[in-house]
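To start, the structure itself, in structure tokens.
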Amino acid sequence: MLLFTLLATPSRAEMVLHRGNGAEPETLDPHKSTGEGESRIEMDLFEGLVTADALGRIIPGAALNWTISDDRLTYVFHLRPDGKWSDGTKVTAGDFVFSWRRLVLPATRSRYAFFLWPVKNAEAISKGAMPPTAMGVEAVDDLTLRVTLEAPTAYFIASLQHHSTYAVSQANVQRHGDDFLKPGKLVSNGAFMLAEAVPQGHVKLVRNPHFHGAAEVALDAVYYYPTENREAELKRFRAGELDVTYDLPDGQIAWVRQNMPADLRLAPFFSSYWFNINLRNEPWKSNPDLRAALSLAIDRQLIVDKITQAGEIPAYSLTPPGTDNYVAPLPEWARWTQAERDAKARDLLAKAGYGPGGKELEVEILFNTSENHRKIAIAIDSMWRQKLGVRTRLVNQEWKVLLQARAEGKFQDLVRGGWIGDFNDAYSFLSLFLSDVQGQNHSGYQNPDYDRLIRAAASEIDPTARRQLMQRAEAMLLSDHPVIPIYTHVTTHMVATRVSGWQDNIRNLHLSRYLSVVR
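Take the sequence shown: its letter number 92 is residue 714 in this note's numbering, and every next letter is one higher.
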């Protein structure tokens, strides 16, 4: 008789990814969050009607496909029959109706309600003028969502990748109320679900077995760590505690290039860095010459060469290079030498009644806690003191505090700002400065002519005419100086060679569902 010994096959080790993630998450509610770090977690937890592939390109998400009417006013989305929440219940068109109404409700206080303003009556609802039931979104049946727009909107599909348009489970929100976001209660329809959320510690996600693409997800778990101190984050990466960093300290980039080139990932980024000027307050409100003087006196080339050092491009406009069907207009002074700009800045300062023989100007620069931001503020302080005799106060705040102060316009003079394009279109940047975009128009800029051009561009179908409208609007904005552009970002990450699936892309979208790690 033959005896066979059955050997148990050892189970594979759990595959876990450890990611640095900037500031502590403000909230994981996709309809209320505003930061980049939160959106990265939310893109792992949730899936919108459309999502992004590994290269950052738009692909079908919770919607398997959709149709668009000839007049481009009606969109019909067909949801995946196998789309489920992480509790195993079906993702329905009703969940999207509930969620989109929730986003635009004034009571939600979302800073991204304007993302759905193209939908019929959505803007009026967000301003309290109509009930949420008037919104042009309808569940035809469980798997069919019909959306009616106010006017043709060229960027509408692309905008649906943004976290603010994601659905939450209506049944779950109604069951748990404000507690629906807690681990063990939050249900999600993305590749992962929430397991732990430890303040100032980590957010742990685990694989969602009910996700329609679960079979292609390699990771069992992902840890996101708040890492505002980038020097400390790099040390953790070098110690093997992190597989991916959120960013890099500017002062260490040259060292990393020399000593850890295999792990360094630098790539163009659809993002701009600027400072908002508070036009609600004097002397800024009534003095564009003063605003222009501060902008001209900043040596942007020096900042990117000596401080950031990662290949950033000096910026004299808002929309970055690489924007689809768009080239940003440049002000005349962008082509001058820095010495010529400095001379003009002194003339404008004197014209505004400041400087030698005039009033002394004191400016407060508010920025969130970060060594990178501090170094830039110190450099600007030095430039203004030497060239213009301006006195500067540097004030830093924690990220959550700054977000609220900036959104509510509660800063004295200047606040660190910028934008990461939510979809590859100039409208993603230029719509921020519409007079009635609450919570995102941080400068409080109001120009009816600008509003008219941007709203016309939103509904223009012809690509050439649409581009020209936005270029005219951006040129107008730049001449009004509500913001001071500094540079166009590049992405700076450390990605361990043990990580596979990372694809550099201009949107800097790296969903964990496409990554794997071998230790």
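The beta-carbon is built from N, C-alpha and C at its ideal position, and this holds for glycine as well. Given the structure is predicted, the values throughout are model-derived calculations rather than measurements.
Own chain residues within Cβ distance below 7 Å of K973, not counting five before or after: D911
Less than 9 Å between the C-beta atoms of L671 and L782, yes or no? yes
Per DSSP, cross-strand counterpart(s) of A889: T1113
So H824 and S732 are in contact, right, with Cβ under 8 Å, and what is the actual spacing, rounded? Contact doesn't hold; Cβ gap of about 26 Å is too wide.
Delimiting residues of the alpha helix (DSSP H) encompassing I747: A744 to S748
A729 to F736, Cα distance in whole Å? 14 Å
From the DSSP output, which residues share a beta bridge with M815? V828
Coil, strand or helix - D588 by DSSP: No answer is possible for residue 588: it lies beyond the span of the chain, which begins at 623 and ends at 1141.
Assuming F891 contacts I1128 (C-beta within less than 8 Å), just tell me the rounded distance between them. 6 Å
Sequence-distant residues of its chain with Cβ nearer than 6 Å to R1089 (five each side left out): N947 and Y948
Could you check where the beta strand (DSSP E) with P910 kicks off and where it finishes? Unbroken run through P910 is the alpha helix (DSSP H), P910 to L918; no beta strand (DSSP E).
Check D1035 in the structure and name its three-state DSSP category. coil
Is it buried or exposed for N881, if we count other Cβ within 10 angstroms and need 16 for buried? exposed
Indicate whether the contact test is met: 3 or more Cβ pairs, each with one atom in the stretch 1021 to 1039 and one in the stretch 770 to 777, closer than 8 Å. no
Taking Cβ positions, are I920 and I1076 nearer each other than 9 Å? no
Below 9 Å between beta carbons: does that hold for R641 and S1134? yes
Which complete beta strand (DSSP E) runs does the stretch 947 to 1010 hold, if anything under 3 residues is left out? 984 to 990
Alpha-carbon to alpha-carbon, Q931 and T1113: 12 Å
May I ask you to report which of helix, strand or coil DSSP gives G683? coil
What three-state label does DSSP hand S763 in the structure shown? According to the sequence displayed, residue 763 carries Asp and not Ser. If DSSP states are grouped into helix, strand and coil, D763 belongs with the strands.
Compute the Euclidean distance between the alpha carbons of Q923 and H784, then round it to the nearest angstrom. 32 Å
Taking the alpha carbon of T711 as the reference point, which residue from W722, D666, S661 and H832 has its own alpha carbon closest? H832
Helix or strand or just coil, what does DSSP make of N643? coil
Measure from the alpha carbon of W688 to the alpha carbon of each residue in T766, K1009, Q1060 and F699, then state which is nearest. F699
Going by C-alpha to C-alpha distance, which of A813, D1084 and P1070 sits closest to D709? A813
Nonlocal neighbours in the same chain, by C-beta distance under 7 Å from T627, ignoring five residues either side: Any reading at T627 must be qualified, since the residue scores a pLDDT of 37, below 50, and its modelled position is unreliable; the value itself is stated next. Closer than 7 Å at the Cβ level, and outside the excluded window around T627, lies no residue.
Can you tell which of D675, R829, Y847 and V828 has the C-alpha that lies nearest to the C-alpha of V820? Y847
What span of residues does the alpha helix (DSSP H) with R733 cover, start to end? Careful: R733 lies outside any alpha helix (DSSP H) and carries neither H nor E.
Keeping to the same chain, check which residues put their C-beta closer than 8 Å to that of A876; ignore five residues upstream and five downstream. Q931
Best match in L701, E853, M1005 and Q1034 for proximity to L898 [C-alpha to C-alpha]: Reading the sequence as shown, one finds Asn at residue 898 and not Leu. The candidate whose alpha carbon is nearest that of N898 is Q1034.
Simplified DSSP state of S655, which is helix, strand or coil: coil
Determine the extent of the alpha helix (DSSP H) in which A1132 is found, giving its start and end residues. In the sequence on display, residue 1132 carries His and not Ala. Counting along the chain, H1132 falls outside any alpha helix (DSSP H), and DSSP gives it neither H nor E.
DSSP three-state assignment for A1029, whether helix, strand or coil: helix
In three-state DSSP terms, what is V820? strand
Report the three-state DSSP secondary structure of R1015 (helix, strand or coil). strand
Enumerate in chain order the residues of its own chain whose CB-to-CB distance from Y1072 is below 7 Å, with the five nearest sequence positions on each side excluded. F1055, A1095, M1098 and L1099
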